[in-house]
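Since the structure comes first, as structure tokens, the remarks are kept for the end.
There are 2 protein chains.
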Amino acid sequence: MDANTFAKYEARAKIIKAMAHPTRLFLVDELARSGPRCVCELTEMVGADISTVSRHLAILKGVGIVEDQRRGAQVYYRLRVQCVLDFFNCVESVLKCNLVDQRRLLVSEP
Amino acid sequence: MDANTFAKYEARAKIIKAMAHPTRLFLVDELARSGPRCVCELTEMVGADISTVSRHLAILKGVGIVEDQRRGAQVYYRLRVQCVLDFFNCVESVLKCNLVDQRRLLVSEP
DNA sequence: CGAATGTTTGCAAGTTTAGCCAAATGGGCA
DNA sequence: TGCCCATTTGGCTAAACTTGCAAACATTCG
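Sequence lines, in order, name chains S and Y.
Under the working numbering, the letters of the first sequence match residues 1 to 110, in that order.
Under the working numbering, the letters of the second sequence match residues 111 to 220, in that order.
Structure, rendered in structure tokens:
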């Protein structure tokens, strides 16, 4: 794989990596189904230090998954692309597939 | 976020994290568009140590994205779910969106 | 069996990431 | 201006990830 090709995959991996964390996944999911939220609201939902949540949001913003907008003293974040829900659907497929295979191992012979 | 909810997102994040690496993304992409490949073929395409590629494949297998099958001396890997291409499509959307915004910053005023 | 080929695993070093506390910044308001 | 609230950033430590080399395993072939 030449440097150019690697760079292409690296750019894509960065975006995926931004979602590869439980808290960030939760944040994306929450923004996807409930619309824009300010950092304080999200922090309360997550239940972690506000600085931690802020950093997670900064990571998502850095790769272009979310965008922020200041409203007075608060900063609101919202999804920038809709298709992230496809991620969830596919992940569900994998989990479901895993479950089916695990059950097969329990019930029948290898 | 209670422990149960966190565990749910954690399980999903693990699957996403498996794809959050340039080499593994390449491997998934290759398997998606060219079908099953053995470790040696993939190793040559990637251009890294075979032990490294083997480990990456093991990670993908560990979360259920790929499965392996021995054929004589070689081990062939193949995708276990089709929808991973949705990942790529969405990532492209994000990249495209980023590009549009960058151009807007260049051309017009903030 | 012994050699050759293909793959996985143990190990060690270097790099990255997550989380918290404290300090700094930005905006609204008396 | 000075204070308060919301958010971000710096600094630090512990944990996780990545990688190549070498050794161990697996399988085929002579």
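Glycine residues also receive a C-beta, built at the ideal position from the N, C-alpha and C atoms.
It should be emphasised that the depicted structure is a prediction, and the values quoted were computed from it without experimental measurement.
For this session: Quickly, what does DSSP pair R188 of chain Y with across the bridge? List them, please.
Result: Walking along the second sequence from the start, residue 188 of chain Y turns up at place 78. Paired residue(s): Y:E177.
Exercise. Can you name the residues that DSSP bridges to R147 of chain Y?
Worked result: On the second sequence, residue 147 of chain Y is found 37 positions in, with the first residue counted as 1. Within the DSSP secondary-structure output, R147 of chain Y pairs in a beta bridge with Y:Y187.
Problem set entry | Counted within 10 angstroms of its Cβ, other Cβ atoms place I50 of chain S as buried (16 or more) or exposed | Mapped onto the first sequence, residue 50 of chain S falls at position 50. Result: exposed.
Exercise. Cβ of V53 of chain S less than 8 angstroms from any chain Y Cβ?
Worked result: Position 53 of the first sequence, counted from the first residue, corresponds to residue 53 of chain S. Chain Y, which has no Cβ nearer than 8 angstroms to the Cβ of V53 of chain S, makes this no.
Exercise. When burial is assigned at 16 or more other CB atoms within 10 Å of the CB, is V210 of chain Y buried or exposed?
Worked result: For the purposes of this step, residue 210 of chain Y is identified with residue 100 of the second sequence, where counting begins at 1. Residue burial annotation: V210 of chain Y is exposed, with fewer than 16 other C-beta atoms found within 10 angstroms of its C-beta.
Exercise. Going along the region 112-145 of chain Y in order, which residues come within less than 9 angstroms of chain S, judged by CB to CB distance?
Worked result: Residues D112, T115, F116, A117, K118, Y119, E120, A121, R122, A123, K124, I125, I126, K127, A128, M129, A130, H131, P132, T133, R134, L135, F136, D139.
Exercise. If we count Cβ pairs, one from each stretch, closer than 8 angstroms, do we get three or more for the region 78-97 of chain S versus the region 15-35 of chain S?
Worked result: yes
Exercise. Are the CB atoms of R80 of chain S and E67 of chain S nearer to each other than 8 angstroms?
Worked result: Here residue 80 of chain S refers to the residue found at position 80 when the first sequence is read from its first residue. Here residue 67 of chain S refers to the residue found at position 67 when the first sequence is read from its first residue. Yes.
For this session: Using a Cβ cut-off of 8 angstroms (strictly closer), state whether D86 of chain S contacts chain Y.
Result: Locating residue 86 of chain S in the first sequence gives position 86, counting from the first residue. Yes, D86 of chain S counts as interfacial toward chain Y.
Problem set entry | Test: I160 of chain Y CB closer than 8 angstroms to a CB of chain S | Position 50 of the second sequence, counting from 1, holds the residue named residue 160 of chain Y. So, not an interface residue.
Problem set entry | Inter-residue CB distance, F136 of chain Y and Y76 of chain S (contact presumed, cutoff 8 angstroms) | Mapped onto the second sequence, residue 136 of chain Y falls at position 26. Mapped onto the first sequence, residue 76 of chain S falls at position 76. The C-beta distance from F136 of chain Y to Y76 of chain S rounds to 36 angstroms, too long to meet the 8 angstroms contact threshold.
For this session: Measure from the C-beta of C148 of chain Y to each C-beta in chain S and report whether the shortest distance is under 8 angstroms.
Result: As a working mapping, residue 148 of chain Y is identified with position 38 in the second sequence. No, because no Cβ of chain S sits closer than 8 angstroms to the Cβ of C148 of chain Y.
Exercise. For M1 of chain S, which three-state DSSP category applies?
Worked result: Along the first sequence, read from residue 1 onward, the residue named residue 1 of chain S stands at position 1. In the structure shown, M1 of chain S sits in coil (DSSP, three-state: anything other than H, G, I, E or B).
For this session: Report yes if the CB atom of I59 of chain S is closer than 8 angstroms to the CB atom of R24 of chain S, and no otherwise.
Result: As a position in the first sequence, residue 59 of chain S is number 59, starting the count at 1. As a position in the first sequence, residue 24 of chain S is number 24, starting the count at 1. The answer is yes: Cβ separation under 8 angstroms.
For this session: Mind checking which residues open and close the alpha helix (DSSP H) that includes A130 of chain Y?
Result: As a position in the second sequence, residue 130 of chain Y is number 20, starting the count at 1. Taken as a continuous stretch (DSSP letters only), A130 of chain Y belongs to no alpha helix (DSSP H), as it is neither H nor E.
Exercise. Any C-beta of chain Y sitting closer than 8 angstroms to the C-beta of V100 of chain S?
Worked result: Numbered from its first residue, the first sequence carries residue 100 of chain S at position 100. With 8 angstroms as the cut-off, V100 of chain S does not count as an interface residue toward chain Y.
For this session: Following the continuous alpha helix (DSSP H) through A48 of chain S, name the residue where it begins and the one where it ends.
Result: Within the first sequence, numbered from 1, the residue matching residue 48 of chain S stands at position 48. Taken as a continuous stretch (DSSP letters only), A48 of chain S belongs to no alpha helix (DSSP H), as it is neither H nor E.
For this session: Measure the beta-carbon distance from R71 of chain S to L31 of chain S and round it to whole angstroms, keeping in mind my assumption that it falls under 8 angstroms.
Result: Walking along the first sequence from the start, residue 71 of chain S turns up at place 71. Walking along the first sequence from the start, residue 31 of chain S turns up at place 31. Their Cβ separation, rounded to whole angstroms, is 15 angstroms, which puts R71 of chain S and L31 of chain S out of contact at 8 angstroms.
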